[in-house]
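Here is the structure we will look at, set down as structure tokens.
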Amino acid sequence: MSLRDRLTEILPGLLPEREENAIKGKELIARVRAVLGDAYSDHSLRSQFSFMALDPESCLARVPNGQGYYLRGDEDDTPSLQHIFDSGDREGEAALNKAMALAVRLFDTAGMGVFVYPVDGEESWEHPDLVAVQWPAGCRDDAGAYIPAPSEQPLHVAYRAVCVGFGESAESCRRAFYRALACGSWAEQTELLLMPGCDNVEELADLAALHGVGLRCIGLDEEALNSLPRADELFRMDELSTRELLSHIPQHTVAHPRRRNFSARAAAALPDTAVVLDWAEGCLERGRVEPYEMRVAVN
732 MSLRDRLTEI LPGLLPEREE NAIKGKELIA RVRAVLGDAY SDHSLRSQFS
782 FMALDPESCL ARVPNGQGYY LRGDEDDTPS LQHIFDSGDR EGEAALNKAM
832 ALAVRLFDTA GMGVFVYPVD GEESWEHPDL VAVQWPAGCR DDAGAYIPAP
882 SEQPLHVAYR AVCVGFGESA ESCRRAFYRA LACGSWAEQT ELLLMPGCDN
932 VEELADLAAL HGVGLRCIGL DEEALNSLPR ADELFRMDEL STRELLSHIP
982 QHTVAHPRRR NFSARAAAAL PDTAVVLDWA EGCLERGRVE PYEMRVAVN
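Take the working numbering: the last position of the sequence shown gets the number 1030, and nothing is skipped along the way.
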């Protein structure tokens, strides 16, 4: 049974019925752990909470524009997109949040699904910053859902693990590269987005060629990032405006990611990948990707 199925089964007995009694994510995680134990990380649970709250068919509702979860009732049938990127008001986080929001838009405007991990102040070596998913061939229906084309063969998606780094020095560029390599070993492709670029580009190009990691330099220094709209505004910008914005941002592809076979063993060694696989595989099982499922993130 997937994590989503297990949560669907147990959450009705754990959630308060009224919005005014909503509980925060930390308390909900504690209640879930009392039932399921420690098999899933906090990130995996928060990720599931986030996109269950966006699913009008799920039992989990979130307080609009606030914090807290409660049991969805009949009147809670149109969840709104939550603030998954803050405005970057806290010192030192504006550039990081904007870089992450731009990274999301680079991939979702290319038609890929995007799963975004929490935007924390400290980088993680256990998961990439985001995972871009290439869906099977298909088309959108009138409601905006993506419908994979029927096939006699099992449908599969392709995963691209993406890390975002800042080229403050040759050492920081090197560190960002090896982080991408470590966090993306399970996926079919791995890519590092480096802002604004790097001085040791020849060294990184050799490493990229050796390990098959994609390397793209995005020509935005801290001043240029600061001149952009807030991160949450970038995330919500309509597709036409986003494409216009991206067209003015210099990009240089040093190396394209080399495709390899998906590694279930490597994915199992990084527990936070499980929720990404559940999300993508769940969409395929239903035979449709709802509009709210194209970009999934955690507050």
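Even for Gly, the Cβ is constructed at its ideal location relative to N, Cα and C.
Model, not experiment: these values are computed from the prediction.
For Glu964, count neighbouring C-beta atoms within 10 Å of its own C-beta (all shown protein chains included) and say buried if the count is 16 or more, exposed if not.
-> The residue in question, Glu964, is exposed, as its Cβ has fewer than 16 Cβ neighbours within 10 Å.
Go ahead and label Arg1017 buried or exposed: buried means 16 or more other beta carbons lie within 10 angstroms of its beta carbon, across all protein chains shown.
-> Around the beta carbon of Arg1017, fewer than 16 other beta carbons sit within 10 angstroms, so the residue counts as exposed.
Quick one: using the 10 Å Cβ neighbour count with 16 as the cut-off for buried, is Pro787 buried or exposed?
-> Around the beta-carbon of Pro787, fewer than 16 other beta-carbon atoms lie within 10 Å, marking it exposed.
Can you list, in chain order, the residues of its chain whose CB lies under 8 Å from that of Trp856, leaving out five sequence neighbours each side?
-> The residues are Arg910, Ala913, Cys914.
Take Met1025 and list the residues in its own chain whose beta-carbon comes closer than 8 Å to its own, dropping the five residues that flank it on each side.
-> Closer than 8 Å at Cβ, skipping near neighbours: Asp839, Gly844, Val845, Tyr877.
Check whether the Cβ of Glu933 lies closer than 6 Å to any heavy atom of the ligand NAP, and answer yes or no.
-> Among the components of this structure there are no ligands whatsoever, and the ligand NAP is therefore not found.
How would you call Met783, buried or exposed, if buried means at least 16 neighbouring beta carbons within 10 angstroms?
-> Within a 10 Å sphere around the beta-carbon of Met783 sit 16 or more other beta-carbons, which makes this residue buried.
Rounded to whole angstroms, what's the CA-CA distance from Leu812 to Tyr1023? Just pull it up for me.
-> Legend: pLDDT at Leu812 = 35, less than 50; position of this residue unreliable, value from coordinates given subsequently. Rounded to the nearest angstrom, the two C-alpha atoms are 8 Å apart.
Residue range of the unbroken beta strand (DSSP E) whose run includes Gly1018 | Taken as a continuous stretch (DSSP letters only), Gly1018 belongs to no beta strand (DSSP E), as it is neither H nor E.
Is it buried or exposed for Glu902, if we count other Cβ within 10 angstroms and need 16 for buried?
-> Classification of Glu902: exposed, given that the 10 Å Cβ count is below 16.
Measure the CB-CB distance between Val895 and Ala863 and report whether it falls below 7 Å.
-> It is not a contact, given that the beta carbons lie outside the stated cut-off.
For Val1006, count neighbouring C-beta atoms within 10 Å of its own C-beta (all shown protein chains included) and say buried if the count is 16 or more, exposed if not.
-> Flag for Val1006 reads buried.
Whole angstroms is fine: what's the gap from Glu791's alpha carbon to Ala995's?
-> Contrary to the premise, residue 791 reads as Leu rather than Glu in this sequence. Using only the alpha carbons, I get a separation of about 30 Å.
Mind the definition here: the segment 878-893 touches the segment 935-944 only if three or more C-beta pairs lie below 8 Å; say whether that holds.
-> In short, these stretches do not touch, since the Cβ pair count stays below three.
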